[in-house]
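Taken in sequence, the protein lines are chains Z and X. Counting from 1, one number per residue, gives the positions in the first sequence under the working numbering. Counting from 1, one number per residue, gives the positions in the second sequence under the working numbering. Beta carbons: idealized from backbone N, C-alpha and C, even for Gly. Please read all numbers here as calculations on a predicted model, not as lab measurements.
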Amino acid sequence: MVGIGFRRDFAAALLQGERIKPDFIEFAPENWMNIGGYWKKQLHKAVEQYPVLCHGLSLSIGSPEPLDMDFLRYVKSFLEEYQVQLYSEHLSYSKCDNAHMYDLLPIPFRRDAVQHISGRIGQVQDYLQRPLVMEIVSYYTPVAAEMSELDFIREIVKTSGCQLLLDVNNIYVNAFNHGYDAREFIRQLPLDKVAYIHMAGHEQVAPDLIIDTHGQPIIDPVYELFDWTAQRLHPVPVLLERDYNIPQLEELNGELQRLKNICQQHWHARYETVS
Amino acid sequence: MRAMKLSAETYKIQQDFSHFIRTGRQVKIPGVRPAAMAHYRRLVYNVVKDTLETGFPIAFANLPRKKWERMVYQFFSTHTCTAYQVWKLPLDFYTCAVENSWEEKYDIPYLHDLLSFEWAEMELFNMEDVPPPAYVATGSWLLDQLAFNQEYRLLQLKYPVHRETSRRKILQQQGAYFVLVYRLPDTGDIHFTELSPWLAFVTEQLLAGITLTDILSYAPQLNIAVTPALQEDTIAFLRHLQEKQVLLGFIKA
Numbered sequence: 001m002v003g004i005g006f007r008r009d010f011a012a013a014l015l016q017g018e019r020i021k022p023d024f025i026e027f028a029p030e031n032w033m034n035i036g037g038y039w040k041k042q043l044h045k046a047v048e049q050y051p052v053l054c055h056g057l058s059l060s061i062g063s064p065e066p067l068d069m070d071f072l073r074y075v076k077s078f079l080e081e082y083q084v085q086l087y088s089e090h091l092s093y094s095k096c097d098n099a100h101m102y103d104l105l106p107i108p109f110r111r112d113a114v115q116h117i118s119g120r121i122g123q124v125q126d127y128l129q130r131p132l133v134m135e136i137v138s139y140y141t142p143v144a145a146e147m148s149e150l151d152f153i154r155e156i157v158k159t160s161g162c163q164l165l166l167d168v169n170n171i172y173v174n175a176f177n178h179g180y181d182a183r184e185f186i187r188q189l190p191l192d193k194v195a196y197i198h199m200a201g202h203e204q205v206a207p208d209l210i211i212d213t214h215g216q217p218i219i220d221p222v223y224e225l226f227d228w229t230a231q232r233l234h235p236v237p238v239l240l241e242r243d244y245n246i247p248q249l250e251e252l253n254g255e256l257q258r259l260k261n262i263c264q265q266h267w268h269a270r271y272e273t274v275s
Numbered sequence: 001m002r003a004m005k006l007s008a009e010t011y012k013i014q015q016d017f018s019h020f021i022r023t024g025r026q027v028k029i030p031g032v033r034p035a036a037m038a039h040y041r042r043l044v045y046n047v048v049k050d051t052l053e054t055g056f057p058i059a060f061a062n063l064p065r066k067k068w069e070r071m072v073y074q075f076f077s078t079h080t081c082t083a084y085q086v087w088k089l090p091l092d093f094y095t096c097a098v099e100n101s102w103e104e105k106y107d108i109p110y111l112h113d114l115l116s117f118e119w120a121e122m123e124l125f126n127m128e129d130v131p132p133p134a135y136v137a138t139g140s141w142l143l144d145q146l147a148f149n150q151e152y153r154l155l156q157l158k159y160p161v162h163r164e165t166s167r168r169k170i171l172q173q174q175g176a177y178f179v180l181v182y183r184l185p186d187t188g189d190i191h192f193t194e195l196s197p198w199l200a201f202v203t204e205q206l207l208a209g210i211t212l213t214d215i216l217s218y219a220p221q222l223n224i225a226v227t228p229a230l231q232e233d234t235i236a237f238l239r240h241l242q243e244k245q246v247l248l249g250f251i252k253a
């Protein structure tokens, strides 16, 4: 099944379900928790109409300080209230010394960070009583690394028992920015742990740097990487992320359709079981 | 208590990185590419700037641009942003302004009023639904407790920032202003209305569950002469609030 991020910019069209037809929607709990008024009504309509997956922004699993248990309480109650089928987050940090920074910062790939983060993932999983699906984030510089990104991720998955969100665009971006082979990187991931896929566009800002903007269409090489990856995975939900420069909805629907075609081509026999 | 599986060294690296993100002041971290680090700073700072410009559109459009930029910089580099929901970031900014007496520092005497007014609109637009008390559609304006829409803020301002944008005009009209900001139940739209001191007092008392009869009988202690005209005007105002869906009906015991 192929979904799209629920954005206020095109919420009305999603609720109408004519110009754009995802199989599910995804939203960040932080953007919708404890809200009321007009947008709560829209959220309720959306949840009645589509299966919902949630992708968090503020858990900050890589922060040095303790987890924010108040925040987690809200997340738990939100996931239960809206019967959210899957909750994913980012393998990054967005706050330090309790100051939020509203973006995904790169965690130092270090052994003590593996232990620290794995412990926190375990804490979250125990509290939420569900597996946490961790996204491999795009990053633009290594930070005091003691180990490779691949080893860092594999260790965390092994130690914490979390699942993976494979953002294929992120892998493409990271491979470009850090000079490795995207296919080889994916091949060495614990692919049986992949529970969710994200697809998005990006922007090249320098000859040697791509930024993961979610503001452009998916480019052909990323579709090709997804096609290659899908052949090595069991069927999982796939999400189109588009946060900025929202195009005509027909264009977005075209991207959804292209993703669906790839899924059907490789997961045909099993596709019905997940749609 | 910090989960101490993280070494002090790694913690310090994360602190240094975060410090650069917040201040833009260069710091050396092993393995980090300065050009890429600058992109992180740019991306984060753009989120903060955009959120504040959207949250405070009147302030952003009308305050001197350099002062605004200095405020945003000071805010993000020194204030611990506690909001995990980015839409609440303007509240952190407003808090920072009050804590650091920005009215004086930036010589904008009406700054806190303006931020308070704009934050009230933002907060009301997003805030959780608050169910009104049980009420019926008809009753006595004078004798019954009245049921209000609970999604409101009653602001007391020193400057008319809700209807003026020019610094000169705002400063010329220093006084006492009462503004009722509220969310319409049907559409979720935010409206506001300016109240006279008397009507602000009445509204406040009615919200506290006092009947209009009791409020009118207390009025002479405020040196207000209760005349038939005052009573009629007050009830006309309540009818107006009812039309605006701020006042919903009558509470029957």
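Asked                                                                                                              : Found
Residue of X/Phe20, X/Ala36, X/Leu154 and X/Ala8 minimising C-alpha distance to Z/Gln204                           : X/Ala36
Residue-level contact to chain X via CB, Z/Asn98, 9 Å cutoff                                                       : yes
Under 7 Å by beta carbon: chain Z residues contacting X/Leu6                                                       : Pro64, Asp112, Ala113 and His116
Residue-level contact to chain X via CB, Z/Thr273, 9 Å cutoff                                                      : Confidence is the limiting factor: at Z/Thr273 the pLDDT is only 44, short of 50, which leaves the residue's position unreliable, though a coordinate-based value still follows. No - not a single Cβ of chain X is within 9 Å of the one on Z/Thr273.
The region 119-148 of chain X: positions lying closer than 7 Å to chain Z by Cβ                                    : Phe125, Asn126, Met127, Glu128 and Asp129
C-beta neighbour in chain Z for X/Tyr11, strict 9 Å                                                                : yes
Neighbour-count burial assignment, Z/His100, 16 or more Cβ in a 10 Å radius                                        : buried
Cβ-based contacts, 8 Å cut-off: residues of the region 11-36 of chain Z near chain X                               : Glu30, Asn31, Met33, Asn34, Ile35 and Gly36
Three-state secondary structure assigned by DSSP to X/Tyr218                                                       : helix
Within-9 Å CB hit, X/His14 to chain Z                                                                              : Here the sequence assigns Gln to residue 14 of chain X, which means His is not the residue at that position. Closer than 9 Å: yes.
Neighbour-count burial assignment, X/Lys66, 16 or more Cβ in a 10 Å radius                                         : exposed
Nearest-angstrom Cβ-Cβ length linking Z/Ser94 and Z/Ser58, presumed shorter than 8 Å                               : 6 Å
First through last residue of the alpha helix (DSSP H) which encompasses X/Ala8                                    : Ala8 to Thr23
Proximity of Z/Val133 and Z/Phe109 at Cβ, strictly below 9 Å                                                       : no
Between the CA atoms of X/Thr213 and X/Leu206 - distance to the nearest angstrom                                   : 10 Å
Buried or exposed by the 16-neighbour rule on C-beta atoms within 10 Å, applied to Z/His234                        : exposed
Pick from Z/Gln83, Z/Pro217, Z/Glu26 and Z/Pro64 that is closest to Z/Glu89, judged by C-alpha positions           : Z/Glu26
Reference Z/Pro217, options Z/Leu240, Z/Phe226 and Z/Gln264, closest by Cα                                         : Z/Leu240
Partners in chain Z for X/Pro30, counting only beta-carbon separations shorter than 7 Å                            : Ala144
CB contact flag (X/Leu143, X/Phe178, <9 Å)                                                                         : no
Separation of Z/Asp167 from Z/Asp227, as counted between CA atoms                                                  : 13 Å
Exposure label - X/Val130; buried when at least 16 CB within 10 Å                                                  : exposed
Unbroken alpha helix (DSSP H) run spanning Z/His44, endpoints                                                      : Gly37 to Gln49
Under 8 Å by beta carbon: chain Z residues contacting X/Ala83                                                      : His100
Within-9 Å CB hit, X/Gln245 to chain Z                                                                             : no
Cα-Cα separation, Z/Trp267 to Z/Pro221                                                                             : 20 Å
The region 118-132 of chain Z contacting the region 94-110 of chain X, beta-carbon criterion three pairs below 8 Å : no
Closest residue to X/Cys81 among X/Arg22, X/Pro133, X/Asp189 and X/Asn126 (Cα-Cα distance)                         : X/Arg22
CB contact flag (Z/Leu53, Z/Val2, <9 Å)                                                                            : no
Positions along the region 208-230 of chain Z whose CB lies within less than 8 Å of some CB in chain X             : Leu209 and Ile211
DSSP bridge partner residues for Z/Val238 (one or two, in chain order)                                             : Z/Val2 and Z/Ile197
C-beta atoms of X/Glu164 and X/Gln173 nearer than 9 Å                                                              : yes
Cα-Cα separation between X/His220 and X/Val226, rounded to whole angstroms                                         : Going by the sequence as given, residue 220 of chain X is Pro instead of His. Going from the Cα of X/Pro220 to the Cα of X/Val226 covers about 7 Å.
Buried versus exposed call for X/Val161 [16 or more other C-beta atoms within 10 Å across all chains shown]        : buried
Inter-residue Cα distance where the pair is Z/Phe152 and Z/Glu251                                                  : 37 Å
Amino acids of chain X, ordered along the chain, whose beta-carbon sits closer than 9 Å to that of Z/Phe152        : Near Z/Phe152 there are no residues of chain X at all, since even the closest Cβ is about 12 Å away, more than 9 Å.
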